[in-house]
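Q:
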């Protein structure tokens, strides 16, 4: 049965999409079957796998509205071992369309249940907000992985996010756990990056991954080519870091 990880942080620009794409790619490289669900209306994960998001008939938006089945939406084997449930800007309207719908928090979970056994991992890229879409991701997920940028305001909003995770666990999904925190955009030349890492470790009683994702130009370039870092520059520091993170994620699941 697929282990489902929601990658979320209500702050934008912290590396959620980069982590969703490249963690998935590194899991796939290790022969794991992965479904990537893009539940962000920006659709950056979708285009990061080279999918032309505005040309799609069936996306997660049509799925949430009940206009198609999950199997109609999934684009299989976009790269070996990775399938994608895509998104585009239409999804921005979903919040309004779901008003008054019963059990709207569970729409995604009920759909994913049909295909969960087909994958080793299901990775959900969430929007940068604590919205109904994010709540749907959390009711579907087993764990929540939080990327944190190594910058001054890193801790800001983190306690609110952890509070939301705990609320969802208490009221909607008792199985939900914190997967952990991963530091992104780390610059070893600055004292600030080191201070942020130490500060978060001191204040947060959550699992913090040993792997730290560096600020890396090749990681930033890969999405414009529509491929993950493992295919764009397999020997880059960014690719090696996400491989280490994938190992940690696999080992944590086995524990």
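In our numbering, the protein residues as written are 14 to 268. Even for Gly, the Cβ is constructed at its ideal location relative to N, Cα and C.
#1: What did DSSP end up calling residue 126 once you bin it into helix, strand or coil?
#2: If you draw a straight line from the C-alpha of residue 229 to the C-alpha of residue 222, how long is it?
#3: Kindly list the residues whose CB is nearer than 7 Å to the CB of residue 252, restricted to its own chain and excluding five residues on each side of it in sequence; keep chain order.
#4: With a floor of 4 residues, list each alpha helix (DSSP H) that falls wholly inside the region 230–262, ordered by position along the chain.
#5: So, residue 24 versus residue 141, is the Cβ gap smaller than 9 Å?
#6: What are the boundary residues of the alpha helix (DSSP H) that includes residue 89?
#7: Determine the closest residue to residue 175 out of 190, 166, 162, with distance taken between C-alpha atoms.
#8: Just to confirm before moving on: does the CB-CB distance between residue 22 and residue 193 stay below 9 Å?
#9: Would you call the CB atoms of residue 164 and residue 205 closer than 9 Å?
#10: Please go through the same chain and pick out, in chain order, the residues whose beta-carbon is closer than 6 Å to the beta-carbon of residue 257, but skip the five residues on each side of it.
#11: For the candidate residues 172, 128, 236, whose alpha-carbon lies nearest to that of residue 38?
#12: Which same chain residues end up closer than 8 Å to residue 263 when comparing Cβ atoms and leaving out the 5 residues on each side of it in sequence?
#13: By alpha-carbon positions, which one of 62, 199, 16, 182 ends up nearest to residue 162?
#14: Rank 260, 15, 267 by C-alpha distance to the C-alpha of residue 130 and give the top, closest one.
#15: What does the alpha-carbon distance come out to for the pair residue 107 and residue 35?
#16: Taking the beta carbon of residue 173 as the centre, do at least 16 other beta carbons fall within 10 Å, making it buried, or is it exposed?
#17: How many angstroms separate the CA atom of residue 114 from the CA atom of residue 184?
#18: Quick check on the burial criterion: 16 or more other C-beta atoms within 10 angstroms. Buried or exposed for residue 154?
A: Inspection of the coordinates gives the following:
#1: As a first step, residue 126 must be located in the chain shown, where it is residue number 113. In the structure shown, the three-state DSSP call for residue 126 is coil.
#2: The residue given as residue 229 occupies position 216 in the chain shown. The residue given as residue 222 occupies position 209 in the chain shown. Looking at the two C-alpha atoms, the distance is approximately 19 Å.
#3: Here residue 252 refers to the residue found at position 239 of the chain shown. If we look at residue 252 and ignore the five residues flanking it on each side, its Cβ neighbours are 242, 243, 246.
#4: List check, alpha helix (DSSP H) in window: 230–234, 242–245.
#5: Here residue 24 corresponds to residue number 11 of the chain shown, with the count starting at 1. Here residue 141 corresponds to residue number 128 of the chain shown, with the count starting at 1. Contact flag set, yes.
#6: Counting from 1 along the chain shown, the entry for residue 89 is found at position 76. No alpha helix (DSSP H) holds residue 89; the beta strand (DSSP E) holding it covers 88–92.
#7: Translated into the one-based positions of the chain shown, residue 175 becomes position 162. The candidate whose alpha carbon is nearest that of residue 175 is 190.
#8: Residue mapping note: residue 22 aligns to position 9 of the chain shown, counting from 1. Residue mapping note: residue 193 aligns to position 180 of the chain shown, counting from 1. In this structure, residue 22 lies away from residue 193, with their beta-carbon atoms at least 9 Å apart.
#9: Against the chain shown, residue 164 aligns to sequence position 151. Against the chain shown, residue 205 aligns to sequence position 192. Contact check for residue 164 against residue 205 passes: the beta carbons are separated by less than 9 Å.
#10: Locating residue 257 in the chain shown gives position 244, where the first residue counts as 1. Here the set comprises 224.
#11: Against the chain shown, residue 38 aligns to sequence position 25. Checked all of 172, 128, 236; the closest Cα to residue 38 is 236.
#12: Residue numbering aside, residue 263 sits at position 250 when the chain shown is read from its first letter. Closer than 8 Å at Cβ, skipping near neighbours: 40, 43, 45.
#13: Counting from 1 along the chain shown, the entry for residue 162 is found at position 149. Ranking 62, 199, 16, 182 by Cα distance to residue 162 puts 199 first.
#14: For the purposes of this step, residue 130 is taken as residue 117 along the chain shown, with counting starting at 1. Of 260, 15, 267, the residue nearest in Cα terms is 15.
#15: Residue mapping note: residue 107 aligns to position 94 of the chain shown, counting from 1. Residue mapping note: residue 35 aligns to position 22 of the chain shown, counting from 1. Going by the C-alpha atoms only, they are around 27 Å apart.
#16: Counting from one through the chain shown, the residue named residue 173 turns up at place 160. Burial call: exposed.
#17: Within the chain shown, residue 114 is the residue found at index 101, counting from 1. Within the chain shown, residue 184 is the residue found at index 171, counting from 1. Roughly 18 Å between the two C-alpha positions.
#18: Numbered from 1 along the chain shown, position 141 holds the residue referred to as residue 154. Answer is buried; the Cβ neighbour count reaches 16.
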